[in-house]
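In what follows, a structure is listed as C-alpha cells, so that the remarks can point back to it.
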Amino acid sequence: MSFDIISQRNDDSPAKAVRARFLLWRRASLRVLVFIAVGAGVMLSLPEARAAGTAETFVTTSIDKGTAILRSGSLNTDQRQTQFRDFLLSITDTKRVGLYTLGPYARGASEPDITSFVAAFTDFITAIYQRSLDGSHGQTIRVTGSTERSEDDIVVRADVLEPNGKSEPLKIAFRVRRNDSDEYIVTDLQIEGVWLAMNQLADFTAYLQQHNGEIGQLSSELEKRALQIHKSRSESERKL
Numbered sequence: 001m002s003f004d005i006i007s008q009r010n011d012d013s014p015a016k017a018v019r020a021r022f023l024l025w026r027r028a029s030l031r032v033l034v035f036i037a038v039g040a041g042v043m044l045s046l047p048e049a050r051a052a053g054t055a056e057t058f059v060t061t062s063i064d065k066g067t068a069i070l071r072s073g074s075l076n077t078d079q080r081q082t083q084f085r086d087f088l089l090s091i092t093d094t095k096r097v098g099l100y101t102l103g104p105y106a107r108g109a110s111e112p113d114i115t116s117f118v119a120a121f122t123d124f125i126t127a128i129y130q131r132s133l134d135g136s137h138g139q140t141i142r143v144t145g146s147t148e149r150s151e152d153d154i155v156v157r158a159d160v161l162e163p164n165g166k167s168e169p170l171k172i173a174f175r176v177r178r179n180d181s182d183e184y185i186v187t188d189l190q191i192e193g194v195w196l197a198m199n200q201l202a203d204f205t206a207y208l209q210q211h212n213g214e215i216g217q218l219s220s221e222l223e224k225r226a227l228q229i230h231k232s233r234s235e236s237e238r239k240l
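Just so you know, we're using the working numbering here: the sequence shown kicks off at 1 and counts up by one.
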C-alpha cells in the first residue's frame with residue numbers, strides 16, 4: 001500500500017518504478033484521508049463524556065470544515081481545490097512528515113534542498129488527496145475510539161464504511177499531535193495496521209540510496225508526479 005519509488009539498481013528511469021506502485025498507493029492509502037472531507041453522511045460515535053478539545057473533537061471539526069468546502073455551491077473547481085488544499089495543510093504538518101520520510105538524509109541536508117523537498121512533498125500529497133476525490137463518494141467514517149500514547153500523541157481509530165454495507169469496514173487510524181501553537185494536527189495515517197509515513201520513509205530512503213543521496217532528484221520526481229496528477233484530473237473534468 002505504499003508509494004514505492006525504489007528503482008532497479010541499473011534502471012536509469014525511476015519513473016517506471018514510480019508508476020507501478022503509485023497506482024496501488026493512490027487507490028488504497030491516501031484516498032482514505034480524503035474521506036474526512038467527502039462527508040456524504042459521515043457517522044461519528046463519540047462517547048458523550050468526551051470533553052471539548054479532545055483529539056476526537058478535532059477530527060470531527062475537520063470533517064465538518066472539509067465537507068463545507070466540498071459542498072459549497074459558490075466555488076468553482078479551482079477555488080474549491082485551492083480551499084481544500086489550504087484546509088488539508090491546516091490540519092496536517094507536511095513539513096514534519098516530509099522530514100521524517102527522508103530519514104538520515106534530512107541530517108546535514110542544505111536548507112535549500114530541504115525547502116524544495118518540503119514544497120514538492122506538500123504538492124505531491126495534496127495532489128493525490130484531490131485526485132482521490134474522484135472515486136471516494138458514498139463512504140462514511142465512524143470514529144470508534146482513541147489511544148493516548150502520551151500527552152501530545154493520540155491515535156484516533158475509525159472505520160471506513162462502504163455505502164452498501166456488504167464489505168468489512170476498513171480499519172484506519174489518525175495519529176494526532178500538538179504543534180508549537182498547542183493546536184492539534186495530523187502527523188500520520190494508518191490503514192489496516194500500516195503507517196503510511198513509515199512506508200514512505202522506507203521508499204524514499206531506498207530511492208536516495210540508489211541516487212547518491214540527491215534530495216533534489218527526489219524532489220523533481222515528486223514534482224513530476226504532482227503535475228501528472230493535476231493534468232490527468234483536468235483532462236477528466238473537461239470530458240464531463
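Even for Gly, the Cβ is constructed at its ideal location relative to N, Cα and C. These numbers come from a predicted model, not from an experiment.
DSSP three-state assignment for residue i, whether helix, strand or coil
i, result
"V97", "helix"
"R107", "coil"
"D180", "coil"
"K171", "strand"
"T54", "coil"
"E148", "strand"
"Q228", "helix"
"L189", "strand"
"L75", "coil"
"L102", "coil"
Short CB-CB distance (under 9 Å) between residue i and chain B
i, result
"T92", "The chain labelled as chain B is not found in the depicted structure, where only one protein chain is given."
When the options are compared against residue i, the one with the closest alpha-carbon
i, options, result
"T101", "A173, E223 and L201", "L201"
"Q228", "A127, D153, L161 and Y184", "A127"
"I114", "I141, S220, V176 and Q81", "S220"
"S181", "R149, S90 and D188", "S90"
"T92", "M198, R149 and V176", "V176"
"S146", "Q139, D152, R157 and T140", "R157"
"L189", "R107, N179, D159 and Q210", "D159"
"D152", "Y184, L208, S72 and E56", "Y184"
"A197", "G103, A120 and S167", "G103"
"R149", "L222, Q81 and F174", "F174"
C-alpha distance - residue i paired with residue j, whole-angstrom precision
i, j, result
"A206", "H230", "26 Å"
"K171", "V194", "10 Å"
"R225", "F124", "7 Å"
"I69", "V155", "26 Å"
"E214", "G165", "46 Å"
"A106", "Q210", "16 Å"
"G216", "T94", "17 Å"
"T187", "G108", "23 Å"
"A119", "R178", "22 Å"
"R80", "P112", "31 Å"
"L222", "F121", "7 Å"
"R96", "L75", "31 Å"
"E56", "Y129", "21 Å"
"S232", "R142", "31 Å"
Residue i beta carbon near the ligand GTP (any heavy atom closer than 8 Å)
i, result
"T115", "Among the components modelled here there is no ligand, and therefore nothing to report on the ligand GTP."
Classification of residue i by the beta-carbon crowding that lies within 10 angstroms, buried from 16 upward
i, result
"D78", "exposed"
"N199", "buried"
"E162", "exposed"
"D203", "buried"
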